[in-house]
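Numbering (the numbering used here), first residue to last: 171 to 469.
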C-alpha cells in the first residue's frame, strides 16, 4: 500500500512526500535524497524507508541526531499508520494511503488551487468591471450624453466591449449598432479625441451610414493610451438635437477617461496575474506528478 510522509518544519510550510511499494527511499538533507528534508538538524543521509511485501520499515542511516518513532529512539522499526517520526528537529507523520485515496487527494488539491484561482479571478474581474460601469455612468451623467461604451484592447482588431450604457454589448457587433464606428476609427487613427456636434455637418463623419441612419447629433470618442500604446477606447453620443459638448465636457471626458485608462491597465495586469496563477498547479505538484509518472512507468 502506498504511503505519505508529511514533514513539519518549525519555520516553514510542511512538505508532503508520496511513497510507493517496491521502492526504497533515502531520507535526508542531500539533494539526491528521494525524501529531502532541508534542515540543519537532519543529516545528509539520515534514514531509509523500505518496503517488504505490504509492510514499511524505517532504518536509521547512522544519523547524527538519531531517529525516533512516537518519541522512542529506533534503529530499525516496522512502521504503522499515523506513526510520528522524529528526524532531528523535524516531526513527520507517516500515513498509509490506497491508490484511490492518493488520486482523491491529488484531485482535491487540484480543485483547491482551481477554486482559489477562480475566486481571485472572479473577484478581481468583477471589481474592475464594476468600476468601469461606474466610471462610464459618471461620464454620461456629467456630460449629459445618452449612450456610451468602453472597449479594451491593444489594437483596433482586439477591442472588446467591457462596459456599456444605453446599448447592449451584443449590438456593437450588429449592423444596428447605436454608435459611430467611423468616429472610433478616426480617434484610433489620430490617437486623439474626436468630438462632433450636429454630426451630419462633420465632413469626415457625415457620409457614414451610422450617422445618417441613427441620427446621432453629438458624439465623443477618446482613445485610451498608456505610453502611447493603445489599451482601449471610450465612446459616448447623444441623439438630442440641441446637445452641445463644451470645453468643460471635454475636460470631464478626459479626466474620467484617465480614470478608465488606469482601471484598464489594472485589468491588463490582473490578466497577467491570472496567467501566472494558471501555472501554479504545475509548479506545486510537479515533483509529485513526476514521481507518480515514474512509478506508473515501472509498473
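Even glycine gets a Cβ: it sits at the ideal position worked out from N, Cα and C.
What you are looking at is a predicted structure, and each value in this text was computed from that prediction instead of being measured.
Span of the beta strand (DSSP E), counted from its first residue to its last, around residue i
i, result
"residue 367", "364-367"
"residue 227", "225-230"
"residue 405", "399-408"
"residue 198", "195-198"
"residue 386", "No beta strand (DSSP E) contains residue 386, which DSSP labels as neither H nor E."
"residue 238", "237-239"
"residue 218", "217-222"
"residue 253", "253-257"
Member of the options whose CA lies at the smallest distance from the CA of residue i
i, options, result
"residue 397", "417, 407 and 361", "361"
"residue 357", "395, 184 and 367", "395"
"residue 303", "430, 175, 206 and 267", "430"
"residue 363", "333, 273, 260 and 415", "415"
"residue 407", "350, 417, 264 and 247", "350"
"residue 260", "273, 321, 240 and 245", "240"
"residue 299", "320, 312, 309 and 313", "320"
"residue 246", "252, 258, 226 and 262", "226"
"residue 400", "282, 352, 438 and 367", "438"
Local conformation of residue i per DSSP, three classes
i, result
"residue 187", "strand"
"residue 207", "coil"
"residue 301", "helix"
"residue 329", "coil"
"residue 335", "strand"
"residue 431", "helix"
Rounded separation between residue i and residue j - CA only
i, j, result
"residue 249", "residue 186", "17 angstroms"
"residue 404", "residue 276", "46 angstroms"
"residue 172", "residue 204", "15 angstroms"
"residue 169", "residue 234", "As displayed, the chain neither begins before 171 nor continues past 469, which places residue 169 out of reach and without an answer."
"residue 410", "residue 328", "31 angstroms"
"residue 221", "residue 174", "13 angstroms"
"residue 365", "residue 324", "22 angstroms"
"residue 188", "residue 297", "40 angstroms"
"residue 279", "residue 271", "12 angstroms"
"residue 180", "residue 195", "23 angstroms"
"residue 216", "residue 206", "10 angstroms"
"residue 334", "residue 393", "16 angstroms"
"residue 442", "residue 436", "10 angstroms"
"residue 231", "residue 197", "9 angstroms"
Opposing strand residues paired with residue i [DSSP bridges]
i, result
"residue 361", "Bridge partners of residue 361: none, in fact."
"residue 307", "None, per the DSSP bridge assignment."
"residue 171", "Its beta-bridge partners do not exist; DSSP assigns none."
"residue 248", "227"
"residue 177", "185 and 262"
Beta carbon proximity, residue i to chain C, threshold 9 angstroms
i, result
"residue 200", "The structure shown contains no chain C; it holds only a single protein chain."
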